[in-house]
Amino acid sequence: MSNNIIEVRDLKMYFPVLRGLLKRKVADVKALDGISFDIKEGETLGLVGESGCGKTTVGRNLIRLYKPTDGSIVFKGKEIAKAKEKDLGWVRREMAMVFQDPYSSLNPRLNSAEIVGEPLKIHNLVSSKKEFNERVEELFVMSGLSPDMMDRYPHEYSGGQRQRLSIARALAGDPSLIICDEPISALDVSMQAQILNLLQKLQEKREGLSYLFISHDLLAVQYISKRVAVMYLGHIVEMADSEELYSHTLHPYSQALLSAQPLPDPFIEENREVVVMQGELPTPLNPPSGCTFHTRCPMAQKICSEKAPELKDVGCGHCVACHLV
Ligand code: SF4
9 MSNNIIEVRD LKMYFPVLRG LLKRKVADVK ALDGISFDIK EGETLGLVGE SGCGKTTVGR
69 NLIRLYKPTD GSIVFKGKEI AKAKEKDLGW VRREMAMVFQ DPYSSLNPRL NSAEIVGEPL
129 KIHNLVSSKK EFNERVEELF VMSGLSPDMM DRYPHEYSGG QRQRLSIARA LAGDPSLIIC
189 DEPISALDVS MQAQILNLLQ KLQEKREGLS YLFISHDLLA VQYISKRVAV MYLGHIVEMA
249 DSEELYSHTL HPYSQALLSA QPLPDPFIEE NREVVVMQGE LPTPLNPPSG CTFHTRCPMA
309 QKICSEKAPE LKDVGCGHCV ACHLV
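Counting from 1, position 276 in the sequence shown corresponds to residue 284 in this note's numbering; the numbering is continuous, with no gaps.
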């Protein structure tokens with residue numbers, strides 16, 4: 009039996025471009041154009057790519073903040089891609105999201121106990137005020153916050169504490185999958201390390217807890233993820249175990265991303281080979297033909313603009329979409 013918590017197949021998300029008084033559809037923005045991946049129970053899958061490549065749209069489709077245009081999302085054995093809003097209550101409990109900016113994602117009018125405990129009330133997970141308070145206190149402690157802070161409002165917290173508050177809220181429904189959408193990019197470096205360690209510790213404590221960790225920070229993704237998928241313009245172009253992907257990077261886009269990432273070791277930083285990408289990320293409104301990376305790829309050949317490469321397994325689950333690999 010499969011131990012996948014979620015299975016995504018050929019997921020597409022097209023946003024219509026409407027024009028004129030009658031709001032006629034004139035084109036589609038292809039934010040996701042047929043992506044497939046699985047996440048196993050207890051696993052962290054990292055999703056990396058430049059801003060605008062579709063990473064956040066993946067997370068929002070999984071938790072069904074967006075309804076996919078096409079494709080399948082099987083979560084805990086049930087198809088949810090086309091499920092109606094009224095049938096998604098259990099998904100919103102079993103799957104939670106931690107956003108990039110904890111300040112705008114937390115209701116400033118609620119105190120922190122009310123914020124963290126809101127899912128307990130929405131999903132009827134407690135039967136008395138006493139049980140509510142005990143559970144909220146437990147969630148505070150789990151997330152590294154002092155229960156003395158339960159009466160405070162989000163603006164009284166530091167950035168790192170606010171992200172801990174978001175994590176405590178995400179844990180309230182005892183979810184199986186947490187989508188972490190750039191959870192550390194608004195924090196300073198020491199806070200980033202603390203939040204990554206907290207996420208890891210929680211996963212160790214709660215058997216079977218899985219993460220989709222979305223980030224443009226390749227080092228953070230390497231640190232926390234068991235497997236990594238690299239996205240470019242609505243497609244997954246490379247996916248492998250974290251160690252394999254970082255030591256045998258095969259796709260020219262992943263190579264360029266990695267070589268643009270500053271390294272902590274100055275000797276390695278100075279002596280490494282740099283792969284330079286040309287130009288900017290093209291618009292998903294009018295993506296390039298064939299391999300969508302061909303307009304920026306230093307290794308592009310004639311076939312690259314004519315035919316889209318398939319994501320194929322080149323051994324041991326290392327999947328790459330490139331005609332030259
Ligand atoms: Fe570059 Fe061609 Fe490979 Fe695309 S298919 S990554 S353009 S070499």
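Ideal Cβ placement from N, Cα and C applies to all residues, glycine included.
So, using beta-carbon positions, are P162 and R170 closer together than 8 Å? In the sequence shown, counting from the first residue as 1, residue 162 sits at position 154. In the sequence shown, counting from the first residue as 1, residue 170 sits at position 162. Yes, Cβ-Cβ distance for P162 and R170 is below 8 Å.
Taking DSSP's pairing of strands, which residues face K320 in a bridge? Here residue 320 refers to the residue found at position 312 of the sequence shown. Per DSSP, V328.
Say the cut is 7 Å; is the CB of P317 nearer than that to a heavy atom of the ligand SAM? Although the ligand SAM was asked about, the structure shown includes only the ligand SF4 as ligands.
Status (buried if at least 16 other CB within 10 Å, exposed otherwise) for A180: Within the sequence shown, numbered from 1, the residue matching residue 180 stands at position 172. Buried, by the Cβ-count rule.
For E190, three-class secondary structure by DSSP: Your numbering for residue 190 matches position 182 in the sequence shown. The answer is coil: DSSP assigns E190 none of H, G, I, E or B.
What span of residues does the beta strand (DSSP E) with E126 cover, start to end? Residue mapping note: residue 126 aligns to position 118 of the sequence shown, counting from 1. Here E126 belongs to no beta strand (DSSP E); instead the alpha helix (DSSP H) covers 120 to 130.
Quick check on this structure: which residue in E318, L210, Y254 has the alpha carbon closest to the alpha carbon of I43? Numbered from 1 along the sequence shown, position 35 holds the residue referred to as residue 43. Ranking the options by Cα distance to I43, first place goes to E318.
For I130, does the count of other Cβ atoms within 10 angstroms reach 16, so buried, or fall short, so exposed? Translated into the one-based positions of the sequence shown, residue 130 becomes position 122. Result: exposed.
From the DSSP output, in three-state form, read off G97 for me. Translated into the one-based positions of the sequence shown, residue 97 becomes position 89. Reduced to three states, the DSSP call for G97 is helix.
Which stretch, first to last residue, makes up the beta strand (DSSP E) that contains V106? Position 98 of the sequence shown holds residue 106. First-last of the beta strand (DSSP E) with V106: 103 to 106.
Starting from the Cα of A329, find the closest Cα among K310, A176, L266, E246 and give me that residue. The sequence position of residue 329 within the sequence shown is 321, counting from 1. Of the candidates K310, A176, L266, E246, the one whose C-alpha sits nearest the C-alpha of A329 is E246.
Go through its chain and collect everything with a Cβ distance to M199's Cβ below 7 Å, but skip five positions before and after it. Residue 199 sits at position 191 when you count from the first residue of the sequence shown. Once the five neighbours on either side are set aside, the close Cβ partners of M199 are G167, G168.
With three or more C-beta pairs closer than 8 Å as the rule, is the region 209 to 224 touching the region 305 to 315? no
Report the partner residues of V16 according to the DSSP bridge assignment. Walking along the sequence shown from the start, residue 16 turns up at place 8. DSSP lists F45, I81 as partners of V16.
Taking the alpha carbon of E146 as the reference point, which residue from T300, D182, T257 has its own alpha carbon closest? Counting from 1 along the sequence shown, the entry for residue 146 is found at position 138. Answer by Cα proximity: D182.
Alpha-carbon spacing of V149 relative to P155, whole angstroms: Locating residue 149 in the sequence shown gives position 141, where the first residue counts as 1. Locating residue 155 in the sequence shown gives position 147, where the first residue counts as 1. For V149 and P155, the distance between alpha carbons rounds to 7 Å.
For T300, does the count of other Cβ atoms within 10 angstroms reach 16, so buried, or fall short, so exposed? As a first step, residue 300 is located in the sequence shown; it is residue number 292 there, counting from the start. Classification for T300: buried.
First and last residue of the alpha helix (DSSP H) that includes L55? Your numbering for residue 55 matches position 47 in the sequence shown. Element bounds for L55: not the alpha helix (DSSP H) but the beta strand (DSSP E), 52 to 56.
DSSP state of A180 mapped onto helix, strand, coil: Translated into positions along the sequence shown, residue 180 becomes position 172. The answer is coil: DSSP assigns A180 none of H, G, I, E or B.
May I ask you to list the residues that DSSP assigns as paired with L40? Numbered from 1 along the sequence shown, position 32 holds the residue referred to as residue 40. DSSP lists M21 as partners of L40.
Under 7 Å Cβ to Cβ from T335, same chain only, skipping five residues before and after it: list those, please. Nothing can be reported for residue 335, as the shown portion of the chain is limited to 9 through 333.
Of the residues R143, S120, E252, the one placed nearest G323, counting alpha carbons only: For the purposes of this step, residue 323 is taken as the residue at position 315 of the sequence shown. If we check each option's Cα against that of G323, E252 comes out closest.
Over the uninterrupted alpha helix (DSSP H) stretch that includes L266, give me the two end residues. By 1-based counting over the sequence shown, the position of residue 266 is 258. Unbroken alpha helix (DSSP H) run through L266: 260 to 268.
Whether or not the region 193 to 209 and the region 105 to 112 are in contact is what I'm after, with contact meaning three or more pairs of Cβ atoms, one per stretch, closer than 8 Å; do they touch? yes
Under 7 Å: does the beta carbon of Y165 sit that close to some heavy atom of the ligand SF4? In the sequence shown, counting from the first residue as 1, residue 165 sits at position 157. False, no ligand heavy atom lies under 7 Å from that Cβ.
If you draw a straight line from the alpha carbon of D41 to that of I244, how long is it in whole angstroms? For the purposes of this step, residue 41 is taken as the residue at position 33 of the sequence shown. For the purposes of this step, residue 244 is taken as the residue at position 236 of the sequence shown. Approximately 9 Å between the Cα atoms of the pair.
Under a CB-based cut-off of 8 Å, is A104 close to chain B? The chain labelled as chain B is not found in the depicted structure, where only one protein chain is given.
Measuring only the C-alpha atoms, how far is G125 from F45? One-based indexing of the sequence shown puts residue 125 at position 117. One-based indexing of the sequence shown puts residue 45 at position 37. Approximately 32 Å, taken between the alpha carbons.
For Y161, the three-state DSSP class (helix, strand or coil): The sequence position of residue 161 within the sequence shown is 153, counting from 1. Y161: coil per DSSP, three-state reduction.
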